[in-house]
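Undergrad: FYI, the numbering for the sequence shown is 346 to 666, going by our numbering. I'd like to ask you about the structure that follows.
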Amino acid sequence: MKWISAKWCGCCLMVLGGLWITTARGEAQVVEGDNGWLFLAQELRHLDAGSFWGEAAQRVSQATREDARDPTPAIVAFHQALAEKGITLLLVPVPPKALMMSEEVPEDKVSDEWGSALDTYYPMLREQGVQVVDLRDRFREESPGRPYYCREDSHWSGAGCVAGAEVVAEAILPLIPQGASGYAVNWKDLEIQGDLRVMMGGENRELIALREVTENGAIASTTADTSPVLVLGDSHTLVFHDGGDMHTQGAGFVDQLAYALGQPVDLIGVRGSGATPARVSLFRKAQRIPGYWAGKKVVVWCFAAREFTESDGWRVLPIER
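This is the structure:
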């Protein structure tokens, strides 16, 4: 038996040193679609799971803890804890790539109820006071030559980061003053090796368009702990921003959001799950920085929508001691 070193990077499994495209149960990790599109099998499972809250969570969630399978209590508790401090929570689930690009998914993988649970769940959260920013309508709009997702990577593309940030900024700007930064933007092309292609053991690279945010001719500084806006989440908040395995810097979701707002944003992004680990990191940061919450007005909680069923749990956590 060959052991392969692997690590969690962002929202999906990255493979180092060899080929591994199956789970321990022998299930494929990557599904090949049409026209060279690759999809994370976890995402297809989520879309086919149906209802994932209440009693149904015990059946469909991948979480090991029974009390952490339903995402609703953790989301509502987080919203309420922030509201007590006068802070608005914007819940921003990144639409599943396989849902928005369903025409590229093999027909035998698409069910009649494909992703319909989100149509029920988001209004249910809103009834409990949670502001859900649903990006699906924007992502259904045509984007000629610049799709909203990477073909061979599990994340949204440069165009997806821009579109998502523009929608989120529309929800934020009524809550804070518009900034007056000296940010500028320009589009560029970049070759990347997508994480899904790596999982299949391939060497292919894809060319994607990115909008780089600059200031005085250099990559802009778009994050600051003191910002009234906190972006919290999984690797969708890091891709094209954090460099290294996130491909490049200055062109991610937080960069586009800072540009739209005219000011830096605070960032707590994790390469693991955006469900519980991201909030653990937030708790630690709030403990480390005296008066951390005093200037905050908005928290943008951004993560892959598949986390509703595929994360290792949604624990109810405090935001401070």
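Think of the CB as a built atom: it goes at the ideal place given N, C-alpha and C, for glycine as much as any other residue.
(1) For the alpha helix (DSSP H) that K630 lies in, which residues bound it at each end?
(2) Restricting to Cα atoms, I'd like to know which of A508, T417, G509, I553 is closest to V661.
(3) Hey, how far is the Cα of P573 from the Cα of L435?
(4) One question on the structure: do A650 and P438 come within less than 7 angstroms of each other, judged by their Cβ atoms?
(5) Within the continuous alpha helix (DSSP H) that includes A426, where are the two ends?
(6) When the Cα atoms are used, what is the spatial distance from D412 to A402?
(7) Among T593, V599, R496, C495, which one has its Cα closest to the Cα of D579?
(8) Excluding the 5 residues preceding and the 5 following L470 in the sequence, name in chain order all residues of the same chain whose CB lies nearer than 8 angstroms to its CB.
(9) With a 10 Å radius around its C-beta and 16 neighbouring C-beta atoms as the bar for buried, classify K641 as buried or exposed.
(10) Quick check: what's the CA-CA separation for G355 versus N380?
(11) Can you tell me whether DSSP reads N531 as helix, strand or coil?
(12) What's the gap between the Cα of V530 and the Cα of E400?
(13) How big is the Cα-Cα spacing for F648 and H500?
(14) By how many angstroms is the C-alpha of Q538 removed from the C-alpha of R496?
(15) Determine whether the beta carbon atoms of G524 and Q608 lie at a separation below 7 angstroms.
(16) Is it buried or exposed for G503, if we count other Cβ within 10 angstroms and need 16 for buried?
(17) Quick check on R471: does DSSP put it in helix, strand or coil?
(18) Where in the segment 374-400 do unbroken runs of the alpha helix (DSSP H), each at least 4 residues long, occur, reported from the N-terminal end onward?
(19) Ignore the nearest five residues each way along the sequence and tell me which others in K454's own chain have a CB closer than 6 angstroms to its CB.
(20) Measuring only the C-alpha atoms, how far is L480 from V512?
(21) Does the separation of the CB atoms of I664 and A426 fall below 7 angstroms?
(22) Please return the same chain residues whose Cβ sits closer than 8 angstroms to the Cβ of L606, not counting the five positions on each side in sequence.
(23) Where does the unbroken beta strand (DSSP E) through G503 begin, and where does it stop?
(24) Run the CB neighbour count on W532, radius 10 Å, all protein chains shown included, and call it buried at 16 or more, exposed below.
(25) Looking only at its own chain, which residues have a Cβ that is under 8 angstroms from the Cβ of G371, when we skip the five neighbours before and after it?
(26) Exposed or buried, E652, counting other C-beta atoms within 10 Å across all chains shown (16 or more means buried)?
TA: Looking at the atomic coordinates:
(1) Annotation for K630: the continuous alpha helix (DSSP H) segment containing it runs 622-633.
(2) Out of A508, T417, G509, I553, T417 has the C-alpha closest to the C-alpha of V661.
(3) Looking at the two C-alpha atoms, the distance is approximately 13 angstroms.
(4) Against a cut-off of 7 angstroms, the Cβ pair of P438 and A650 comes out as a contact.
(5) Unbroken alpha helix (DSSP H) run through A426: 416-428.
(6) Using only the alpha carbons, I get a separation of about 10 angstroms.
(7) That would be V599, whose Cα lies nearest to the Cα of D579.
(8) Result list for L470: T417, I420, V421, L436, V477, in chain order.
(9) Answer is buried; the Cβ neighbour count reaches 16.
(10) Bear in mind that the predicted position of G355 carries a pLDDT of just 39, short of 50, making it unreliable; the figure below should be weighed with that in mind. Computed Cα separation, rounded: 25 angstroms.
(11) For N531, the secondary structure class from DSSP, reduced to helix, strand or coil, is strand.
(12) CA-CA distance, V530 to E400, rounds to 47 angstroms.
(13) Near 10 angstroms, if we compare the C-alpha coordinates of H500 and F648.
(14) So the alpha carbons of these two residues sit roughly 10 angstroms apart.
(15) Using a Cβ distance threshold of 7 angstroms, G524 and Q608 count as a contacting pair.
(16) Buried is the label assigned to G503, since at least 16 other Cβ atoms lie within 10 Å of its Cβ.
(17) Note: R471 maps to helix in three-state DSSP.
(18) The segment 374-400 contains these whole alpha helix (DSSP H) runs: 386-392.
(19) Residues L389 of the same chain have their beta carbon placed closer than 6 angstroms to that of K454, with the five preceding and five following residues left out of the count.
(20) Distance between the alpha carbons of L480 and V512: 7 angstroms.
(21) Yes, they are a contact pair.
(22) So the qualifying residues of the chain are A514, I517, L518, I521, Q523, G524, V574.
(23) For G503, no beta strand (DSSP E) segment is defined; the enclosing uninterrupted segment is the alpha helix (DSSP H) at 503-517.
(24) W532 comes out exposed.
(25) The predicted model places G371 with a pLDDT of 44, which falls under 50 and marks its position as unreliable, so this point remains unresolved.
(26) Buried, since its Cβ has 16 or more Cβ neighbours within 10 Å.
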